[in-house]
């Protein structure tokens, strides 16, 4: 198992290096600025922040029946 | 394709590739090329290749899902009581499985481990009865009966068939009828009798015996 | 997140014209998704019911071995893998495809166009599952755990998934400019990983099998990754979209979610060998998986923090929203099952739990309490939008939720307890094996009780779904009740 293990080790180190390289390139390209904007991107004018969109949450029937 | 999407794609492929290298390529490379070796004492090649019948028996084992209750791996003493329970004389090593077409290591021990069942229960009669209805040999067992691997038939004019099982009272068919094994179940029994995975003195066996205790 | 951040974003100060435009776009997207997504979701529910019946049969057989025992098609060793494959590929995967495509379509802001492809994909996927299930019961199971469908089922599944992937890529390519949301990461990654896994595993283990000693590592690399790189990403992608969308609040820390994604992608894939601890494999390989399993704490904690802090202040909504309830139940179960998994991978603990019913209970905490409950919630959210009408009966939803929740709780608690006792006794060499078996029987019976409750829930779900599809009276003459809302009208705003 010695030769295969060595080869795998080399493969892993290469992959790790490539990954770190990809990360640093992405970071310098500005993709990681303002991440919280991405969190807000799922909302829009029709379904804005602050407005629940569950149909059953939207129009609950009277109190007595609303508990499930 | 934007930068970001490309980044997600490449990253997903790279992370996948790293584990693929370690958990797929490495086993194929390092664990997929075992060869038989001569036994140091007798000179016969071990582990012995399965005969055609034993291979067919393995297929019966596979198709009926024996793996879902039975394991085929003896663990070291440090980890479990396998050796103390008589399930093998040493832990099994990868080399031991090279003669199996399909590895049936299993992940459940609803029933006992079968790595060395050929050593522990060599008797065909026992296996046939047990497979026909586990209650006959092991009362209280939750193993299902495999009566469909047998044929129940009228006892012929010439008398009972030589292969007929002698089934205890309460489980036997009605008078005048007998139960004979099909070729399928005979193959299965042959396969079970071939299971003696810890018994071969493969090169890794000596280390395995030591590892069994200290790992 | 400060209060002022909320006012700065899209929506609260939008003009009526902008609102109408966004509404139109949303309606267009949901209408385009009606048939393609609807077919996958509907099929998945049928498979869920079949999978539940197979599960019940298998469960009963374990404490009553004579149950349905005389027919080879129904022997435990075939019913059990049939159950597993049906719920994995028939229920979870089918629902995952539908949910994944819908969320992608929504987040990319583009309507699905590939009707023919997806219709064909749905047909092929269902045929593949039918053929595979029949194959297992007939006696052609491969006995490779989690991959038991015989080879002749595989081309249907692979071809189908090719169409699914092509659609997913097409949606992503056509997407509106702007951010890529974390759910898109997870879903696209899942859509790439599954075929790679299946193709490799089926090739190396069934079609052109490698030598036997190499098979188990590949088997468990595959099986664990079906959970970690397919079900989990789709389910997490759904939770990350649904919790914020339902309560109207952005995810707590997007930065954390990115860390969570990449650490999951890297560590999860290495977990597989933890299924083989103590087995005939080199210690370093097993240790690699043990380490990766424990490292999973990182992504799991990021997810837990994110979901918890997002939900803070909104927990009371759980009283009113069944969708939210299913999703949050699922999200919390994810944290639980992952912590449990990380701990179970530690050798000393594994020596007790491996080979026992404890592991089965753990598997169901993951595949059911996490993945299935999230998918239930997702379907409850998606269907009214596809069909533009409401679920017909709150009562049925109630039955579904409580059947599932109580059922899986009984299942998990009783089977884990029984499994632990089993494991402890197995490690005491004086305890005869048969005694250990007998001691598990009460817990196996409890499992059947839990499973029956879950099945009742699923039947309620199926009735709900069929009723909703068939009964068109509920349909408004205008698109959905949401459209009639005036801007700024937040009846139940938190």
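Residue numbers (my numbering), protein chains in the order written: chain A, 3 to 70; chain B, 2 to 216; chain C, 8 to 501. We treat Cβ as the ideally placed atom computed from N, Cα and C, and that holds for glycine.
Are there 16 or more other CB atoms within 10 angstroms of the CB of residue 183 (chain C), so buried, or fewer, so exposed? exposed
Return the chain-ordered ranges of every beta strand (DSSP E) run that is complete within the segment 138-175 of chain B and spans a minimum of 3 residues. 151-155
Residue 217 (chain C), DSSP secondary structure in three states: coil
Between which two residues does the beta strand (DSSP E) carrying residue 93 (chain C) extend? Counting along the chain, residue 93 (chain C) falls outside any beta strand (DSSP E), and DSSP gives it neither H nor E.
Euclidean distance between Cα positions of residue 27 (chain C) and residue 47 (chain A): 8 Å
To which residues of the same chain is residue 432 (chain C) closer than 6 Å at the C-beta, ignoring the five residues directly before and after it? 438, 443
Cβ-based contacts, 9 Å cut-off: residues of the segment 93-124 of chain B near chain C: 93, 94, 95, 96, 97, 98, 99, 100, 101, 102, 103, 104, 105, 106, 107, 108, 109, 110, 111, 112, 113, 114
Skipping 5 residues on each side, what residues in its chain have a beta carbon closer than 7 Å to that of residue 377 (chain C)? 242, 337, 340, 341, 344
Whole-number beta carbon distance between residue 82 (chain B) and residue 436 (chain C), since they are thought to touch under 8 Å: 4 Å
What residue range does the beta strand (DSSP E) around residue 182 (chain B) cover? 178-182
For residue 171 (chain C), tell me which candidate among C:197, C:375, C:256 has the shortest Cα-Cα distance. C:197
Using a Cβ-Cβ distance cut-off of 8 Å, determine whether residue 13 (chain B) contacts chain A. no
Determine the closest residue to residue 151 (chain C) out of B:202, B:63, B:26, with distance taken between C-alpha atoms. B:63
Label residue 67 (chain A) either buried or exposed according to how many other C-beta atoms from any shown protein chain fall within 10 Å of its C-beta, with 16 as the threshold for buried. Any reading at residue 67 (chain A) is ruled out, since the residue's pLDDT is 43, under 50, leaving its predicted position unreliable.
Chain C contact for residue 53 (chain A) (CB, 8 Å cutoff): yes
Looking only at DSSP bridge pairs, what is residue 217 (chain B) linked to? Nothing in the structure corresponds to residue 217 (chain B), since chain B is present only between 2 and 216.
Note down, in chain order, each residue of its chain lying with its Cβ closer than 8 Å to the Cβ of residue 149 (chain C), except the 5 sequence neighbours on either side. 155, 156, 157, 158, 212, 213
Between residue 366 (chain C) and residue 40 (chain C), what straight-line distance do the alpha-carbon atoms span, to the nearest angstrom? 38 Å
How many whole angstroms separate the CB atoms of residue 209 (chain B) and residue 92 (chain B), which I take to be in contact at a CB cut-off of 8 Å? 5 Å
Out of curiosity, what's the CA-to-CA distance linking residue 218 (chain B) and residue 303 (chain C)? An answer regarding residue 218 (chain B) cannot be provided, because it is not within the stretch 2 to 216 covered by chain B.
Suppose you measure from the CA of residue 67 (chain B) to the CA of residue 84 (chain C); what does that come to, to the nearest Å? 6 Å
Chain A contact for residue 25 (chain C) (CB, 8 Å cutoff): yes
Identify each residue in the segment 220-252 of chain C for which the Cβ-Cβ distance to at least one residue of chain B is less than 7 Å, and report them in chain order. 220, 221, 222, 223, 224, 225, 228
Would you report the Cα separation of residue 446 (chain C) and residue 100 (chain C), rounded to the nearest angstrom? 35 Å
Give me the Cβ distance between residue 195 (chain B) and residue 119 (chain B), rounded to the nearest whole Å; I'm assuming they're in contact under 8 Å. 6 Å
8 Å Cβ cutoff, residue 393 (chain C) in contact with chain A: no
Can you check whether the C-beta of residue 18 (chain B) is within less than 8 Å of a C-beta belonging to chain A? yes
Can you list, in chain order, the residues of its chain whose CB lies under 7 Å from that of residue 329 (chain C), leaving out five sequence neighbours each side? 387, 404, 408
Beta-carbon spacing of residue 110 (chain C), residue 47 (chain C) below 8 Å: no
I'd like to know if the segment 70-81 of chain B and the segment 285-294 of chain C are in contact, where contact means that at least 3 CB-CB pairs between them fall below 8 Å. yes
Continuous alpha helix (DSSP H) stretch holding residue 366 (chain C): start and end: 364-371
Is the beta carbon of residue 200 (chain C) sitting closer than 8 Å to the one on residue 167 (chain C)? no
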